[in-house]
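To keep things clear, I will list the structure first and then write my remarks on it.
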Amino acid sequence: MELLSVWNTTFIGLVVTAIALLIHWVKNKRRVNYPPGPFPLPLVGNIFLLDFNNFPETLSKLRKQYGDVFSLQIFQENAVVLNGYNAIKEGLVVKSEDTADRPSIPMFEHQGLHNGIAFTRYGQHWKEQRRFALSTLKNFGMGKRSIEEYVREEAGYLCSAFQAEEGRPFDPFMVINNAVSNVICSIIFGERFDYNDPSYQKMICLLREMFELAAEPITQFYKVFPWLMKMPGPHQKLFRIQRTYLDFLREIIQKHRETWDPAVTRDFIDAYFEEMEKTKDDPSSSFSEKTLHIIMADLFIAGTDTTSNTLRWSLLMMLLHPHIQKKVHEEIDRVIGRDKLPTIEDRGNMPFTNAVVHEVQRYGNILPMALLHMTYRDTNIQGFDIPKGTTIIPNLTSVLKDETIWKKPYQFYPEHFLDAEGKFVKKEAFIPFSAGRRICVGEQLARMDLFIFFTSLLQRFEFHIPDDQPHPRDDPLFTFNFSPRPFQVCAQVR
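Mapping the sequence shown onto numbering that gives the first Met the number 0, position 105 (from 1) lands on 104, and the numbers just tick up by one.
Below you can see the structure in the form of structure tokens.
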């Protein structure tokens, strides 16, 4: 009897498994005109095909097999990958509202970080907050003289920090992060920090650690098994860091509230207080201190890591290509000289330096997959039907390293942005800030930061590889972004 019972249990188990597999097969077979892709396994989907240590490389390999628009299943999440400029332009620009949503990220939602701008679902809340952020940053001089003065002032502090090293080898990571973050500080709460300020250093370190932990592959499991977030594990460290970071920002908001004068707008926080006051009687308004709190976090995260990474790429490229560094020096000396501080207006007279900055962004490819999108409604891209709620992965690497667009896609080659006469030419396929409705809200500020910081550093210094150091590598580290491997530099005053 016991043997018979075991056989019955085994038989029932096999039947249930067979039915589950059949249902899974039928569900995936039934989709008509859906993008092609590898057939997913039950429960886990295609995760065994994906290298989470170099996800962009996996996408490039799958593109060769399945084409410019292909599908994946990551656990139970359906995703479609867009490759090449035409597919990405159609998906993010032509069909911009169709793909304007964001997929769920439980690791951020757990702390309320999905109620700002960057990770917020598409709808009235997002529209109001993004519109306010863009207009306020513009009013504070985003792309105008007042913000430029903040950037130029911070570039001076950055150069002083480099000069204090007196030509000795040092890792530029922290000081560049300090400078870039200080620009955001000046805009959001009207003051900058000394680079040695303990609380400021803590905030910078928290930002970096939070970004790295959130990009760990294990975070994918929490989308399928959210109850795991209540269990012990690495995510608990991330949550502690998030709480500490948010507490830091909350204290700043509270101090502003205590000193706020409606007659004077000192910074972004004051402007937000004014908007809260205007809309306080509107029950549908999304303006609140809670939302302000998350938007501040968004602006710091988005505005610090990407720009500081790009600046480190620019220094690394100058180390590895001294002949290009020499040409930048020559153009700076000819157009600006050694004494006048660089301005954004100088950019129009400096085609080679401008080309170098653009080529750093193309070659560095900081956000190879941008931030993930999700279809807001059923849509059709490149002839394929994609249902509402599908995650969209824009493979920006497939555009920024496209062999049909760039002469030397895998080399650092500033001539990509110069015509035969040496004049600057910006190509339509240059999309490091993504494209469409979800294009980076701080794009103009980032462009200004990159040009003025880079030009100021090259005006003041000549950069060398330290004599006792190995030749630095230019292959990137991948978390969710591409960043340079740690390297040291010698900054010699010119």
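Beta carbons are placed, not taken as given, at the ideal position from N, Cα and C, and that holds for glycine.
Query: Pair within 9 Å by beta-carbon distance, Pro37 and Glu76; Result: no
Query: For Ile335, the three-state DSSP class (helix, strand or coil); Result: coil
Query: CA-to-CA distance, Ile293 to Phe432, given in whole angstroms; Result: 21 Å
Query: Candidates Gln235, Glu461 and Asp281, of which the one nearest Lys326 by Cα; Result: Glu461
Query: Pro197 versus Gln64: straight-line alpha-carbon distance, rounded; Result: 51 Å
Query: Residues near Asp448 in its chain [Cβ-Cβ closer than 7 Å; skip 5 each side]; Result: Val150, Val179, Val182 and Thr306
Query: Candidates Leu40, Lys289 and Leu58: closest to Gly115 by CA position; Result: Lys289
Query: The beta strand (DSSP E) enclosing Cys489, as first and last residue numbers; Result: Cys489 to Val492
Query: Cα-Cα separation, Asp345 to Arg167; Result: 31 Å
Query: Own chain, CB closer than 7 Å to Tyr194, minus 5 neighbours either side, in chain order; Result: Ala160, Val174 and Asn177
Query: Exposed unless 16 or more other CB atoms sit within 10 angstroms - verdict on Leu20; Result: Unreliable positioning characterises Leu20 in this predicted model, as indicated by a pLDDT of 47, which lies under 50. The coordinate reading is nonetheless provided below. Result: exposed.
Query: 4-residue-minimum alpha helix (DSSP H) runs that sit fully inside the segment 135-186, ordered along the chain; Result: 144-162
Query: Where Ile116 falls: helix, strand or coil (DSSP); Result: coil
Query: Run of the alpha helix (DSSP H) containing Asn353, from where it starts to where it stops; Result: Pro350 to Gly363
Query: Member of Gly388, Ile300 and Pro393 whose CA lies at the smallest distance from the CA of Glu89; Result: Pro393
Query: Selection from Asp377, Met317 and Phe286 that minimises the alpha carbon distance to Met129; Result: Sequence check: residue 129 is Arg here, not Met. The shortest Cα separation from Arg129 among Asp377, Met317 and Phe286 belongs to Phe286.
Query: Through-space distance from Val356 to Leu417, alpha-carbon basis; Result: 12 Å
Query: Cβ distance (whole Å) where Leu395 is taken to contact Leu366 below 8 Å; Result: 7 Å
Query: DSSP-derived helix/strand/coil call for Leu444; Result: helix
Query: Bridge partner(s) assigned by DSSP for Ser95; Result: DSSP output for Ser95 lists no bridge partner at all.
Query: Identified DSSP bridge partners for Glu461; Result: Gln491
Query: C-alpha distance - Ile22 paired with Leu49, whole-angstrom precision; Result: With a pLDDT of 48 at Ile22, under the threshold of 50, the predicted position of this residue should be treated as unreliable, though the coordinate-derived value follows. If I take the Cα positions, the gap works out to 24 Å.
Query: Candidates Gln253, Leu444 and Gly363, of which the one nearest Thr135 by Cα; Result: Leu444
Query: Bridge partners - Pro393, DSSP secondary structure assignment; Result: Leu81
Query: Counterpart residues of Phe494 in DSSP-defined beta bridges; Result: The first residue shown for the chain is 0 and the last is 493, placing residue 494 beyond what the model contains.
Query: Cβ neighbour criterion (16 or more within 10 Å) applied to Gln253; Result: exposed
Query: Three-state secondary structure assigned by DSSP to Phe486; Result: coil
Query: Any 3 or more C-beta pairs closer than 8 Å across the segment 79-99 and the segment 260-278; Result: no
Query: Whole-angstrom distance between Lys426 and Asp332, CA atom to CA atom; Result: 27 Å
Query: Cβ-based burial, Arg484 [other Cβ within 10 Å; buried from 16]; Result: exposed
Query: Buried or exposed by the 16-neighbour rule on C-beta atoms within 10 Å, applied to Ala99; Result: buried
Query: Backbone secondary structure at Asn496 - three-state DSSP; Result: Residue 496 cannot be examined here, being either before or after the span of the chain that is shown, 0 to 493.
Query: Per-residue DSSP class, three states only, for Val68; Result: strand
Query: Cβ-Cβ separation, Ile240 to Met209 (assumed contact under 8 Å), whole Å; Result: 5 Å
Query: Helix, strand or coil at Glu208 [DSSP, three-state]; Result: helix
Query: Rounded C-alpha distance that separates Gln235 from Ala490; Result: 40 Å
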